[in-house]
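Enquirer:
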Amino acid sequence: GVYTQDESDSTSKVPGLGDIPILGWLFKNNTKAKSKKELLVFITPKILKDTLGSN
């Protein structure tokens, strides 16, 4: 299979209040996200009859 992994970090804050030293963390929100995906490919064999030599 094929694996992919994504990570993202985002910060949102209240304008003005999020920039206040010491108390600014009260008005901020930090978000971290991770995702993993896997793509699987399945192959199924099929036996075919030989029709060329049957006259």
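Residue numbers (the numbering used here): -13 to 41. Glycine included, each C-beta is placed from N, C-alpha and C at the ideal position. Keep in mind it's a predicted model, so treat the numbers as computed, not measured.
1) Taking the alpha carbon of residue 17 as the reference point, which residue from 38, 7, -2 has its own alpha carbon closest?
2) Roughly how many whole angstroms lie between the Cα atoms of residue 19 and residue -6?
3) DSSP three-state call for residue 36: helix, strand or coil?
4) Compute the distance between the beta-carbons of residue 12 and residue -13, then report whether it is under 9 Å.
5) Do residue 44 and residue -8 have their CB atoms nearer than 9 Å?
Expert: This is what the structure gives:
1) The residue with the shortest Cα to Cα distance from residue 17 is -2.
2) So the alpha carbons of these two residues sit roughly 5 Å apart.
3) Per DSSP, reduced to three states, the secondary structure at residue 36 is coil, with no helix or strand assignment.
4) Against a cut-off of 9 Å, the Cβ pair of residue -13 and residue 12 comes out as no contact.
5) As displayed, the chain neither begins before -13 nor continues past 41, which places residue 44 out of reach and without an answer.
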